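So the protein sequences, as listed, match chains A and B. The numbers in this note's numbering rise by one with no breaks, and the one at position 54 of the first sequence is 54. The numbers in this note's numbering rise by one with no breaks, and the one at position 55 of the second sequence is 55. C-beta: ideal position from N, C-alpha, C; glycine also. Bear in mind the structure is a predicted one, so any value in this text is a computation, not a measurement.
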Amino acid sequence: MDQFIEQIVTGLSIGSILLLVALGLSIIYGSMGIINLAHGEFVMLGAYAAWVFHTYLGLGLLASLIPIFLVVAAFGWVIERYVLSLLNNRPLDTILATWGVGIMLQQAVRLSVGSELRYVQLPPALSDSMDVFGIPVSSYRVFLFVVSIALFGATWLLMNRTPVGMKLRAIIQDRSVAASFGINAKRVYALTFAYGAGLAGLAGALVSPLKSVSPDMGTGYVVDAFMVVVLGGVQSLAGTVASAFILGELSGGIAFLQNDTVAKAIVLLAIVVLIRFRPEGLFTARVRA
Amino acid sequence: MPSNAPNSSRLQRLIAQLAPLLIVCAIVFALPVLLNNDFLLNKVARYLVLGILTVSLGLSWGFGGILNLGQAMSFGLGSYAMAMALKLKTVPVHTGASGLPDFMVWNNVQHLPWFWQPFRSLTFAIAAGLIVPALVAAALGWFMFRGRVTGVYVSIITLATMVVINLVIIDQQSYTGGFNGITDLAQLEIFGVAFDAYGRATYYLVACCVLLSLLVAFAFTKSKAGLIVQAIRDHESRVRYFGYDVALYQIFVFALSAAIAGLAGMLYTVVMEFASPTFLGVQLSLSVVVWCAVGGRQSLVGAFLGAVLVAGMQGALSESAAFLETWTLVMGALFVLVVLFLPKGLAGLAQVVLRWIVQRRQAAGRGVAQGVGQTEGST
Chain A
1 MDQFIEQIVT
11 GLSIGSILLL
21 VALGLSIIYG
31 SMGIINLAHG
41 EFVMLGAYAA
51 WVFHTYLGLG
61 LLASLIPIFL
71 VVAAFGWVIE
81 RYVLSLLNNR
91 PLDTILATWG
101 VGIMLQQAVR
111 LSVGSELRYV
121 QLPPALSDSM
131 DVFGIPVSSY
141 RVFLFVVSIA
151 LFGATWLLMN
161 RTPVGMKLRA
171 IIQDRSVAAS
181 FGINAKRVYA
191 LTFAYGAGLA
201 GLAGALVSPL
211 KSVSPDMGTG
221 YVVDAFMVVV
231 LGGVQSLAGT
241 VASAFILGEL
251 SGGIAFLQND
261 TVAKAIVLLA
271 IVVLIRFRPE
281 GLFTARVRA
Chain B
1 MPSNAPNSSR
11 LQRLIAQLAP
21 LLIVCAIVFA
31 LPVLLNNDFL
41 LNKVARYLVL
51 GILTVSLGLS
61 WGFGGILNLG
71 QAMSFGLGSY
81 AMAMALKLKT
91 VPVHTGASGL
101 PDFMVWNNVQ
111 HLPWFWQPFR
121 SLTFAIAAGL
131 IVPALVAAAL
141 GWFMFRGRVT
151 GVYVSIITLA
161 TMVVINLVII
171 DQQSYTGGFN
181 GITDLAQLEI
191 FGVAFDAYGR
201 ATYYLVACCV
211 LLSLLVAFAF
221 TKSKAGLIVQ
231 AIRDHESRVR
241 YFGYDVALYQ
251 IFVFALSAAI
261 AGLAGMLYTV
271 VMEFASPTFL
281 GVQLSLSVVV
291 WCAVGGRQSL
301 VGAFLGAVLV
311 AGMQGALSES
321 AAFLETWTLV
331 MGALFVLVVL
341 FLPKGLAGLA
351 QVVLRWIVQR
361 RQAAGRGVAQ
371 GVGQTEGST
């Protein structure tokens, strides 16, 4: 029984990290139709930003979260403005362009900071462990879980309860009609992309104490996060949450029964089959056409 | 007699289209005369093989509109087919007791597994190197295109499938050599000719395959099936309304491209003298996409040259780590620029330049004939 609960908790922990990374990707893909292969590099930038703030400015991780969000969002804004907005009518080419941008970011970090592993300290207040259903769990993992849910809530509010979110939803439904009502689609797209990038940066900063920070750390995340988005369904934030935790539990569970490699292979195969038979994802919100 | 006129102009056009292909192949064949260095020749052969791989992607991506992010899967399968056969040909010292490959001995495997048995025959291995990738691709194509999966989802499925196969190969260490791949291979020997990786014979073998695969790909693009495939790329549902079985044509071009990639994979094993899971890794697979995009996805020769030039440049700079890092950065920037401003790659640029030159000439010629327009000619 204890083992079972432990397994569930591990799954939740994996799931919350997946959700953190996938949230930004989901917004960008769902609203702009852009598969952002540079997303992993935004995660990496966030982690490096945490390291820089800590090493050079002496800021703790929690204190530097907001500046990190802003810095990475600024990167995202620039990239949308000067690269992606030129590719409006070529969705397949955005994969290539974002991948190229990702390579550039990775190399730029490698050249400027070096490719050694870097480490970010756990916030001292969260370095102990607490009891969850009688199982000792690191407080930081509980904190990650809470933060990922909170960020999801904030994003949902932003999309559904603010003027910017309303404009974005209008553009998703029909860009030209929205534009004729005076909505500046270019600006909203740039803001959306910046927001998604900022979220990725936050995710990177938040996972940095758990994993070592390196220039190519993002590559693994982007694949997993993408699977979350595909499974959850485009344009469905709630689906993203559900699929993040499903995938977290699944990979935790299969890894426990078999091994990590088999877990990864089975999850990938399951997603291939899913795309074939339900390309709209498991939990699709019906968009009024 | 008059019916001959359109025919000859068609022939002329065909020759004009074939010309760049033949010129490039002539250069490839002439290179050993100029380059008297076996080590360099081996390197060039390697880039040529990557060129063939890129041509195969150009066929499915540029002409079929199928962006296969898992093109290296077919390449890797071909490479392993060749490596398995060459491994079984090595002298028993390297292969343990009773001809068992060394890594199997280390992993306590007692008998040669059934799927290794037929690879004692080189003919079977070469056939498998072409047919297995084609069959896997056909099955995957059937799975995708019958379900009308298009665009981005094709890319995701192909990438994910390749990653799964890669994981399985790494995981099944006792049968595949795992992370280390299959090393310590015998030399390929066909009809008494030994193909030493650093010898001329290997180079010419690769060069012949370059010519062959470019010609096959070219013939396909000019065939009726090839035209329909291009029509599907441009407007899928229109072709479907004409009554064509769209999925069938897509599956065919997908499998053909996989077979060519398999051929490239087999050659790669011969040139590199080993097979490794990196041959079907994400890194290589995405690099192929870059080469293809830079060279020109809708031009076979362009894709080929893109791979040879970019991979060659990378190889030349890899002597120094700092250079290589900077080069990768430049490469990323170049790639983004090409995607943004040259969707047809360098081949597209060459076409534009050529057309511009021809037009200027014609304009100049007309100007001289009419005795006016000297000003246009001079500016």
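{"Item": "Let me know the alpha helix (DSSP H) ranges lying completely inside the segment 148-182 of chain B, each 4 residues or longer, listed in chain order.", "Value": "151-171, 173-176"}
{"Item": "Check methionine 331 (chain B) in the structure and name its three-state DSSP category.", "Value": "helix"}
{"Item": "Can you tell me which of the three DSSP states aspartate 131 (chain A) falls into?", "Value": "strand"}
{"Item": "To the nearest angstrom, how far is the alpha carbon of isoleucine 271 (chain A) from that of phenylalanine 4 (chain A)?", "Value": "25 angstroms"}
{"Item": "Is alanine 38 (chain A) helix, strand or coil when you go by DSSP?", "Value": "coil"}
{"Item": "Roughly how many whole angstroms lie between the Cα atoms of methionine 162 (chain B) and valine 282 (chain B)?", "Value": "8 angstroms"}
{"Item": "Find the residues of chain B that neighbour lysine 264 (chain A), judging by a C-beta separation of less than 9 angstroms, and give them in chain order.", "Value": "Val163, Val164, Leu167"}
{"Item": "Can you give the Cα-Cα distance for valine 228 (chain A) and serine 251 (chain A), rounded to whole angstroms?", "Value": "12 angstroms"}
{"Item": "So, is serine 318 (chain B) buried or exposed, given that buried needs 16 or more other C-beta atoms within 10 angstroms?", "Value": "exposed"}
{"Item": "Strictly by DSSP, which residues pair up with arginine 118 (chain A)?", "Value": "A:Val213"}
{"Item": "For the segment 137-163 of chain B, which residues have a beta carbon sitting closer than 8 angstroms to at least one beta carbon of chain A?", "Value": "Phe143, Met144, Gly147, Val149, Gly151, Val152, Tyr153, Ser155, Ile156, Ile157, Ala160, Thr161, Val163"}
{"Item": "Please report the straight-line C-alpha distance between serine 213 (chain B) and alanine 275 (chain B), rounded to a whole angstrom.", "Value": "22 angstroms"}
{"Item": "Under 7 angstroms Cβ-Cβ, which residues of chain A neighbour proline 133 (chain B)?", "Value": "Residues of chain A passing the Cβ test: none, with the nearest at roughly 18 angstroms."}
{"Item": "Could you tell me whether any Cβ in chain B is nearer than 8 angstroms to the Cβ of isoleucine 271 (chain A)?", "Value": "yes"}
{"Item": "Taking its Cβ as the centre, do 16 or more other Cβ atoms sit within 10 Å of tryptophan 114 (chain B), making it buried, or is it exposed?", "Value": "exposed"}
{"Item": "Taking only three categories from DSSP, how would you classify glutamine 374 (chain B)?", "Value": "Confidence at glutamine 374 (chain B) is low in this model, with a pLDDT of 45, below 50, so the placement of that residue should be treated as unreliable; the coordinate-derived value is given next. Note: glutamine 374 (chain B) maps to helix in three-state DSSP."}
{"Item": "Find the nearest neighbour of valine 222 (chain A) within the set A:Leu20, A:Leu70, A:Pro209, judged by alpha-carbon distance.", "Value": "A:Leu20"}
{"Item": "For arginine 366 (chain B), collect the residues of the same chain with a Cβ closer than 6 angstroms to its Cβ; drop the 5 residues on either side in sequence, then sort them by chain order.", "Value": "none"}
{"Item": "So is the beta-carbon of histidine 54 (chain A) under 7 angstroms away from any non-hydrogen atom of the ligand FMN?", "Value": "Questions concerning the ligand FMN fall outside what the structure shown contains, since it holds no ligand whatsoever."}
{"Item": "Look up glutamate 280 (chain A) in the DSSP assignment and say whether it is helix, strand or coil.", "Value": "coil"}
{"Item": "Would you kindly check if the distance between the Cβ of phenylalanine 75 (chain B) and the Cβ of alanine 259 (chain B) is under 8 angstroms?", "Value": "no"}
{"Item": "Can you tell which of B:Val168, B:Gln71, B:Leu67 has its C-alpha closest to the C-alpha of valine 262 (chain A)?", "Value": "B:Val168"}
{"Item": "Given a cut-off of 8 angstroms, decide if methionine 73 (chain B) and leucine 280 (chain B) are closer than it, judged by their beta-carbon atoms.", "Value": "yes"}
{"Item": "Using a C-beta cutoff of 8 angstroms, does proline 277 (chain B) count as contacting chain A?", "Value": "no"}
{"Item": "In this structure, how does DSSP classify alanine 194 (chain B) when only helix, strand and coil are distinguished?", "Value": "strand"}
{"Item": "So, at 8 angstroms on beta carbons, what are the nonlocal neighbours of tyrosine 140 (chain A) in its own chain, with the 5 sequence-adjacent residues on each side left out?", "Value": "Leu122, Pro123, Leu126, Ser127, Pro209, Leu210"}
{"Item": "By the three-class DSSP mapping on this structure, what secondary structure does proline 273 (chain B) have?", "Value": "Before going on, a small fix: residue 273 (chain B) reads as glutamate here, not proline. Glutamate 273 (chain B): coil per DSSP, three-state reduction."}
{"Item": "Considering only residues of the same chain and omitting the five flanking positions on each side of asparagine 180 (chain B), which have a CB-CB separation below 8 angstroms?", "Value": "Phe103, Ser276"}
{"Item": "Do you know how far the Cα of serine 13 (chain A) is from the Cα of alanine 50 (chain A)?", "Value": "21 angstroms"}
{"Item": "Counting Cβ pairs closer than 8 angstroms, one from the segment 38-56 of chain B and one from the segment 234-250 of chain B, do we hit at least three?", "Value": "no"}
{"Item": "Against chain A, does alanine 333 (chain B) count as a neighbour if the rule is that its beta carbon must be under 8 angstroms from one of theirs?", "Value": "yes"}
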